[in-house]
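Asker:
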Amino acid sequence: MAETKFDLVVIGGGPGGYVAAIRASQLNMKVALVESEHLGGVCLNWGCIPTKALLRSAEVYDMLGSLEEFGLRGDGFSFDIEKVVSRSRKVAKQLNNGIRHLLKKNKISVIEGRGKLGSTSSVLVEAEGKASIELNADNIILATGARARTIPGLEPDGELIWTYKEAMVPQTMPSSLLVIGSGAIGVEFASFYADMGAKVTIAETMNRILPVEDQEISTLARNAFEKRGIEVHTGSVVKALTSNKENVLAEITLSSEEEIEKVYERVILAVGIVGNIEDIGLENTAIKLDGTHVVTDEWGATGVPGIYAIGDLTGAPWLAHKASHEAVICVEHIAGLNPHPIKKEMIPGCTYCRPQIASVGLTEEKALELGYEIRVGRFPLVGNGKAIALGETEGLVKTIFDSKSGELLGAHMIGPEVTEQIQGYVIAKMGEMTEEELMHTIFPHPTLSEAMHESVLDAYGKAIHI
Amino acid sequence: MPIEILMPALSPTMTEGTLAKWLKEVGDKVTSGDVIAEIETDKATMEVEAVDEGVLGRILVASETQNVAVNTVIGVLLEDGETLESLDMDFKTDQTLDFDRKKNEAEASNVQQRSSKSPKATPLAKREAIAQGLDIGVIQGTGSRGKVIRADVMALQNIEKLEETASSGLTSEEEKGASERIFVSPIARKIASESDVDLGLIRGSGPNGRIIMADVLKGPRHPEDMASNAAALSDEELIPMSGMRKVIAERMVSSKSNVPHFYLTVDCEIDELLKLRAMMNEEFSSRDVKLSVNDLIIKACGRALIDVPDANVSFDGEGSVRKYQKADISVAVALENGLITPIIRNADRKSLHEISEEMKVLAGKARSGKLRPEEYQGGSFSISNLGMYGIKHFEAIINEPQGAILAVGAGEKRPVVKGNDIAVATVMSCTLSCDHRVIDGAVGAQLISAIKKYIEYPPFLLMG
């Protein structure tokens, strides 16, 4: 029947797993990929990709609301939520097919079923209605990903209290929505639903939204949301959710210690991530766990020879591009090449709400905490010609430099299309460039990216356009 | 107008080098940026890039020529349309050429600058090298295509390397590949992860705010701690341990706990040795090299280790004894707040003057923190000399994973028995500490006897 002996077996077919499989195949390894649900993992099917499709619909819908500004006419705009959702599902499906095709092209054996460690050199695959298969593997990569965390008292019910999954396929547009948690996921859903007409409230326990971003960015994001009519409560804890058939009663303790009760049609729980460590055979191994994540070294090795782990399973940041890079490094390391491990400060983070947010490296607070003497550059988008022409002048590009070495310690952006622009700073950091190289780089005009250049100039008192 | 190609200076201190290889032949077209030759110094091999364009008209210094002085004309480029014949030039290698010297010197210094402006290194690496006073041309690069990245420059810093010697688990690949998480030395990162310390909470006291091992061991700073500490410190002082001190502490604990030491003491009469030393210093006073007693002891130990190869060993982990063919001796040098052991390699074969000169250089480097890792990592035997402090006798702690260490005391006049009479001789007590896992009593005794033989009969030192 089918092949059962492989150089590498990857458990999990998300952006970590499928990239690992393809890279391994490029390096002439015989590879099998075990996937229990859908190729592309959460990212492709229930995460990154479909949410961007939804947010695109929201973006277009929002623009329709300001046609007059651009000399255009039209009214009576509406949407069909079913079609908005089905478009996002179509997008996911198209990519899903794409991954399938890539895996086939790279001659990777794709095995449907739930994989788990049999021993340190074998993987057992179980599929409903089929006999279980044992795969022999010289190397195994665990890439089983993560799922939404639940907090006691705030459990999803699949009807009115949603996780990201239900939030992605609404059957109706709720008139009111409570989003618990203001990380990237929470904030993106808040932005989407607000643009589509819901009255949205964000509740966050920390003292600011988007707590991993630079403080200034958090403040600007909050201002932008509040201007759009999104209610924001920080330092607030949602104590309990009680649902009936129609809506949910939320008991919230605000930062002022005041306790309020409010009714929402729907609630989205976006309170964190836990790794999928259950039922994958870890119990019989010496693999170490840190909470719900597998502990690995910088190449994804777990300490048990031949077994590796990558992606969301291994902890923060829970980003697809981190998983993909870990996949490549892990596979190249297995193949005996000597890749440079990932440095956390090189991983950009992007949030696709409106306005978009993107950052890489240290926040100003972190840089100061680490003892750096810094120079900070700020360029508000209102000084950028393209932004004015676009009619989107709310935004900021903030750059942080080590004054001694000129190293770009961090870059923080908020505004239109910043998620597309942040790579410029990531490239500069990877190339170990200093302010000098950035200042001498010619950015094209007129583009939003000129704000990136001006921010760097501003850090050294040389900005031209402010 | 033909263009002279001059021997470039690859570093500010280079005065001459070897033209290792021409990569172009006479008649080859040369464009700006082409690598035309390879130059070797004692530190590195570098590529020379052409600044100008033309055809290589003549090679004046052949491949594999050594001792080519900087600015020597090594070749000539002809511009479009020129030939050697048409110019009717006769090239002399003694540089009595009739070209525009200023123009060519300027061009040569361009080549020099370009060689140093674009050795393959990232901008941050170059800045760091300048800040540390390091010659970036000699640093091994681990970036793409051998490019020097900042981590490579940081890796040369002494403090960090001292910390790394304590973490014997790290291979050089791991050291180079270990990711720097925001200015953290590899050993600090390792200790932080082992003791579950969040590096984000540690304030770095190393260069550029770099977190070093000492910082991690100190732990995150809490305002409350500092306040309560202040109260307790009225008549005591709490000095945080330097990185080096921490390394020493760790290594000493490890050695004393893991290594089964035993000690063999001999008293050596050193009158002959002192005579030889005085004689040599007098004879070679013009050479400006003064031999010390320690230099002679180093040589004696070197010879002895070759004579007793079973004692030239180190403990190599469970089940293995590493036996050495060479006598590489680590010599303890006291520093302001610690100590380090630079190595004299092949101590048996070097002349006394070579040993003396080398010790001077290494000790100087040690005191200014400029020792390179290869200069203090390794060695199969150590010598520690406290004679200058008047110490009569002591037992040194073995430098893991070496097999033995010699503790040398002060030479002092003592009564000795000669035949049946009491005489006076200058006697120096030496104690050999041995690792009983790899050196047994008899072998240790053989070694220290051999050392004593060379010390007491110094002419043996000059032989072979």
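Listed in order, the protein sequences are those of chains C and D.
Residue 1342 in my numbering sits at position 423 of the first sequence, and the numbers go up by one each step.
Residue 88 in my numbering sits at position 81 of the second sequence, and the numbers go up by one each step.
Quick reminder that beta carbons are idealized off the backbone N, C-alpha and C, glycines included.
Bear in mind that the values here come from a model prediction, so they are computed numbers and not experimental data.
(1) What does a CB cutoff of less than 7 Å around residue 302/D pick up in its chain, not counting 5 residues either side in sequence?
(2) Once you ignore the five residues that flank residue 1252/C on each side, which residues in its own chain have a CB closer than 8 Å to its CB?
(3) Return the chain-ordered list of same chain residues with a C-beta closer than 6 Å to the C-beta of residue 962/C, the five sequence neighbours on each side being excluded.
(4) In angstroms with no decimal places, state the Cα-to-Cα distance between residue 1167/C and residue 974/C.
(5) Going by beta carbon distance, what residues of the same chain come within less than 7 Å of residue 1147/C, once the five residues before and after it are set aside?
(6) Can you tell me which of the three DSSP states residue 1349/C falls into?
(7) Would you list the one or two residues that DSSP bridges to residue 442/D?
(8) Could you check where the beta strand (DSSP E) with residue 1275/C kicks off and where it finishes?
(9) Got a sec, what are the start and stop residues for the alpha helix (DSSP H) residue 1007/C sits in?
(10) Nearest chain D C-beta to residue 1351/C closer than 7 Å, yes or no?
(11) Rounding to the nearest angstrom, what Cα-Cα distance links residue 1035/C and residue 265/D in this structure?
(12) Residue 1184/C versus chain D: which residues are under 8 Å apart at the beta carbon?
(13) Measuring only the C-alpha atoms, how far is residue 1180/C from residue 1103/C?
(14) Inspect the CB distances between the segment 1306-1315 of chain C and the segment 1288-1295 of chain C and report whether three or more fall short of 8 Å.
(15) Going by DSSP, what residues sit across from residue 1081/C in a beta bridge?
(16) Thinking residue 60/D and residue 37/D are a contact (beta carbons under 8 Å), I'd like their distance in whole angstroms, please.
(17) Is residue 466/D buried or exposed, if buried means 16 or more other CB atoms sit within 10 Å of its CB?
(18) For residue 157/D, which residues in chain C fall below 9 Å Cβ to Cβ?
(19) So does the segment 1315-1329 of chain C actually touch the segment 1278-1285 of chain C, counting three or more Cβ pairs closer than 8 Å?
(20) How should residue 286/D be labelled, buried or exposed, when 16 other C-beta atoms within 10 angstroms of its C-beta is the threshold for buried?
(21) Quick one: measure Cβ to Cβ for residue 1378/C and residue 1304/C, integer angstroms, because I've assumed they're closer than 8 Å.
(22) Which residues of the segment 129-148 of chain D have a Cβ closer than 8 Å to any Cβ of chain C? Give them in chain order.
(23) By how many angstroms is the C-alpha of residue 247/D removed from the C-alpha of residue 435/D?
(24) Candidates 1065/C, 1057/C, 982/C: which alpha carbon is nearest residue 1242/C's?
(25) Counting beta carbon pairs with one atom in the segment 399-417 of chain D and one in the segment 438-452 of chain D, are three or more of them shorter than 8 Å?
(26) Is residue 1028/C helix, strand or coil when you go by DSSP?
(27) Does DSSP classify residue 1/D as helix, strand or coil?
(28) Where residue 13/D and residue 160/D are concerned, what is the direct C-alpha to C-alpha distance, given to the nearest angstrom?
(29) I need the boundaries of the alpha helix (DSSP H) containing residue 329/D, first residue and last residue.
(30) Just grab the DSSP bridge partners of residue 1240/C for me.
(31) Contact between the segment 1056-1072 of chain C and the segment 978-997 of chain C: three or more CB pairs below 8 Å?
(32) Can you look up residue 1249/C in the DSSP assignment and give me helix, strand or coil?
(33) Any idea what DSSP makes of residue 1291/C, helix, strand or coil?
(34) In chain D, which residues lie less than 8 Å from residue 1355/C when you measure between Cβ atoms?
(35) For residue 458/D and residue 296/D, I'd like the C-alpha separation in whole angstroms.
(36) Do you know how far the Cα of residue 147/D is from the Cα of residue 257/D?
Answerer: This is what the structure holds:
(1) As a first step, residue 302/D is located in the second sequence; it is residue number 295 there, counting from the start. So the qualifying residues of the chain are 359, 362, 363, 366.
(2) In the first sequence, counting from the first residue as 1, residue 1252/C sits at position 333. Cβ within range, chain order: 1218, 1219, 1220, 1258.
(3) Numbered from 1 along the first sequence, position 43 holds the residue referred to as residue 962/C. Cβ neighbours of residue 962/C beyond the five flanking positions: 933, 934, 1239.
(4) In the first sequence, residue 1167/C corresponds to position 248, counting from 1. In the first sequence, residue 974/C corresponds to position 55, counting from 1. Answer to the nearest angstrom: the Cα atoms are 25 Å apart.
(5) Translated into positions along the first sequence, residue 1147/C becomes position 228. Hits under 7 Å: 1113.
(6) Looking up residue 1349/C in the first sequence gives position 430. It is helical.
(7) Here residue 442/D corresponds to residue number 435 of the second sequence, with the count starting at 1. BP columns for residue 442/D point to 268/D.
(8) In the first sequence, counting from the first residue as 1, residue 1275/C sits at position 356. No beta strand (DSSP E) contains residue 1275/C, which DSSP labels as neither H nor E.
(9) Counting from one through the first sequence, the residue named residue 1007/C turns up at place 88. Start and end: 1000-1024.
(10) Residue mapping note: residue 1351/C aligns to position 432 of the first sequence, counting from 1. With 7 Å as the cut-off, residue 1351/C counts as an interface residue toward chain D.
(11) The residue you call residue 1035/C lines up with position 116 of the first sequence. The residue you call residue 265/D lines up with position 258 of the second sequence. Each residue's alpha carbon lies about 42 Å from the other.
(12) The count along the first sequence starts at 1 and reaches residue 1184/C at position 265. Near residue 1184/C there are no residues of chain D at all, since even the closest Cβ is about 40 Å away, more than 8 Å.
(13) Counting from one through the first sequence, the residue named residue 1180/C turns up at place 261. Counting from one through the first sequence, the residue named residue 1103/C turns up at place 184. Approximately 26 Å between the Cα atoms of the pair.
(14) no
(15) Residue numbering aside, residue 1081/C sits at position 162 when the first sequence is read from its first letter. Its beta-bridge partners are 1187/C.
(16) By one-based count along the second sequence, residue 60/D stands at place 53. By one-based count along the second sequence, residue 37/D stands at place 30. Yes, they are in contact, since the Cβ atoms of residue 60/D and residue 37/D sit about 6 Å apart, within 8 Å.
(17) Mapped onto the second sequence, residue 466/D falls at position 459. Exposed: under 16 other Cβ atoms inside 10 Å.
(18) Within the second sequence, the letter at position 150 stands for residue 157/D. Correct list: 1324, 1326, 1351.
(19) yes
(20) What you label residue 286/D is simply residue 279 of the second sequence in a count that begins at 1. By the 10 Å Cβ count, residue 286/D comes out exposed.
(21) If you number the first sequence from 1, residue 1378/C lands on position 459. If you number the first sequence from 1, residue 1304/C lands on position 385. With 8 Å as the limit, residue 1378/C and residue 1304/C do not qualify as a contact, their Cβ atoms being about 21 Å apart.
(22) 129, 130, 131, 132, 134, 135, 138
(23) Indexing the second sequence from 1 puts residue 435/D at position 428. Indexing the second sequence from 1 puts residue 247/D at position 240. If you take the alpha carbons of residue 435/D and residue 247/D, they lie about 37 Å apart.
(24) Numbered from its first residue, the first sequence carries residue 1242/C at position 323. For the residues 1065/C, 1057/C, 982/C, the minimum Cα distance to residue 1242/C belongs to 1065/C.
(25) yes
(26) Mapped onto the first sequence, residue 1028/C falls at position 109. Looking at residue 1028/C - three-state DSSP - the assignment turns out to be strand.
(27) Nothing in the structure corresponds to residue 1/D, since chain D is present only between 8 and 471.
(28) On the second sequence, residue 13/D is found 6 positions in, with the first residue counted as 1. On the second sequence, residue 160/D is found 153 positions in, with the first residue counted as 1. About 29 Å.
(29) Sequence index remark: in the second sequence, residue 329/D carries index 322 (1-based). No alpha helix (DSSP H) contains residue 329/D, which is instead part of the beta strand (DSSP E) from 328-330.
(30) By one-based count along the first sequence, residue 1240/C stands at place 321. DSSP output for residue 1240/C lists no bridge partner at all.
(31) no
(32) The count along the first sequence starts at 1 and reaches residue 1249/C at position 330. If DSSP states are grouped into helix, strand and coil, residue 1249/C belongs with the helices.
(33) Against the first sequence, residue 1291/C aligns to sequence position 372. Coil at residue 1291/C, not helix or strand.
(34) By 1-based counting over the first sequence, the position of residue 1355/C is 436. Those are 130, listed as they occur along chain D.
(35) Taking the first residue of the second sequence as 1, we reach residue 458/D at position 451. Taking the first residue of the second sequence as 1, we reach residue 296/D at position 289. One C-alpha to the other measures close to 24 Å.
(36) Residue numbering aside, residue 257/D sits at position 250 when the second sequence is read from its first letter. Residue numbering aside, residue 147/D sits at position 140 when the second sequence is read from its first letter. Straight-line Cα distance between these residues: approximately 29 Å.
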